[in-house]
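Numbering (my numbering), first residue to last: 5 to 499.
Following this line, the structure appears as structure tokens:
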């Protein structure tokens, strides 16, 4: 497991190397960017079923800095680097036509990937903050990469809210360090368990969880997302929705609640209530949208609500459903954002009212959009159905039938929203459909098609990951969360 530093070192190193060699050889950014993300994907697959604590410089925790690989961080590594590779493959043609300066694009992209890998591996509160900032700053720049007024405005809003969240997090880390004299997550958790609980620790936990909820775009901390996601290039939208809000938001919240502060009835109710509000408000706002990418952005808020509800239920079935939906969402939402990018690439618009009959001119893109739409709506046998079903069953098992009812209502509203997409864009005509422009539409190139096909296949078959339930493939992830604070302390500090 000495490969763990490579998840940070490789993307950071290539990010700085690309500008040095790319000014005279234009194909270098595409080649190096895709080789790097593919290599990281292979390395992430090598971590399956592995648990390891890597001590940087040989210094043991809590004195030294550690990288912690367990079921949860392994899952996030695979998500980050799988979607990262799909996005860079899609970017080869997409960025060539619509944007300039590929070397800056790939450098920022790899900095974002490296920052997220560092975030999910870090066992240290301050380094977790540092890696989060690296990924966030790169994503701010990528949102405004087109440099048009709308994109710069969205990037600035994202920057402001992201910096406020970062200040909350940094202040929370400082308070915990002042109280415990340690920054290692496991060591801080151990000290908190040994000293009397006081309001300072409670205040620090509120600052940390609140800051990371902004990164996760949960209601009411979601205001940056509906502008940032549509404004970014399509591969970056896929990364923001499919990966960033999970790696910098949901993952850290899960780690803090279950492995640092401890899960209790207060945090359970907090997660469930915020999850339901996010779930319903996000989908209601999505229904009102005619901008395809903006509609997808609001659904990111809604779908994160399902994940948080599953985690908030606190039982093994709920955690399994929440984590599985987090994985599934990374697949079908990345697919849908790449689909929207392919459609905009050919039609020049994101307005559903100006689209129509795309299945005739763009059959592969239309089919993959249909697969993504059905999956996010929870239609069997696609992957989104199984994770939503598990969350609903977990709510009933936990004696919370009202929570299950809200989950069903959210899924029905999601289906109605994507029925509009199919009706206006794929198989019908929008109100402002242009017959003349329609004649020139064609399917996008092979390099953009391949990620759509791969993600569509994964949406169809990843429901099989549920075989074995809590003792199956996702069992190690559930164990990390269910094991709570003590198990994490024993693992990292080797007690």
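Every residue gets a Cβ at the ideal spot worked out from N, C-alpha and C, and that includes glycine. All values derive from a computational prediction rather than experimental measurement.
Return helix, strand or coil for residue i, following the three-state DSSP convention.
i, result
"residue 70", "strand"
"residue 103", "coil"
"residue 494", "helix"
"residue 438", "coil"
"residue 126", "strand"
"residue 121", "helix"
"residue 63", "coil"
"residue 23", "helix"
"residue 474", "helix"
"residue 381", "coil"
"residue 388", "helix"
Classify residue i as buried or exposed, calling it buried when 16 or more other Cβ atoms lie within 10 Å of its own Cβ.
i, result
"residue 104", "exposed"
"residue 122", "buried"
"residue 269", "exposed"
"residue 387", "buried"
"residue 90", "buried"
"residue 182", "exposed"
"residue 418", "buried"
"residue 459", "buried"
"residue 20", "exposed"
"residue 498", "exposed"
"residue 246", "buried"
"residue 153", "exposed"
Confirm the yes/no value for this check: CB of residue i, any heavy atom of the ligand FMN, distance under 7 Å.
i, result
"residue 72", "Among the components of this structure there are no ligands whatsoever, and the ligand FMN is therefore not found."
Between the options, which has its C-alpha nearest residue i's C-alpha?
i, options, result
"residue 298", "354, 322, 77", "354"
"residue 255", "219, 472, 442, 347", "219"
"residue 237", "319, 367, 358, 102", "102"
"residue 9", "53, 113, 118", "118"
"residue 319", "450, 473, 125", "473"
"residue 456", "336, 358, 404, 442", "336"
"residue 479", "68, 408, 322", "322"
"residue 376", "300, 400, 248", "300"
"residue 506", "395, 424, 179, 495", "As displayed, the chain neither begins before 5 nor continues past 499, which places residue 506 out of reach and without an answer."
"residue 340", "308, 378, 313", "378"
"residue 390", "167, 279, 467", "467"
"residue 139", "88, 155, 187, 153", "88"
"residue 399", "212, 433, 277", "277"
Tell me the residue span of the alpha helix (DSSP H) that contains residue i.
i, result
"residue 175", "153-184"
"residue 9", "That residue, residue 9, is in no alpha helix (DSSP H); it is neither H nor E in DSSP."
"residue 259", "255-260"
"residue 233", "229-235"
"residue 43", "32-50"
"residue 264", "From DSSP, residue 264 is part of no alpha helix (DSSP H); its letter is neither H nor E."
"residue 239", "238-243"
"residue 458", "450-465"
Let's see if you can read the secondary structure: which residues bound the beta strand (DSSP E) around residue i?
i, result
"residue 431", "First-last for residue 431: undefined, no H or E at that position."
"residue 56", "56-59"
Within the segment 392-431, note down every full alpha helix (DSSP H) run reaching 4 residues or more, in order along the chain.
405-425
Restricting to runs no shorter than 4 residues, where is the alpha helix (DSSP H) found entirely within the segment 321-369?
362-365
What are the uninterrupted segments assigned as beta strand (DSSP E) that are 3 or more residues long and contained completely in the segment 188-214, given in chain order?
none
Could I get the ranges of all uninterrupted alpha helix (DSSP H) runs contained in the segment 275-320, with 4 residues as the minimum, in chain order?
296-317
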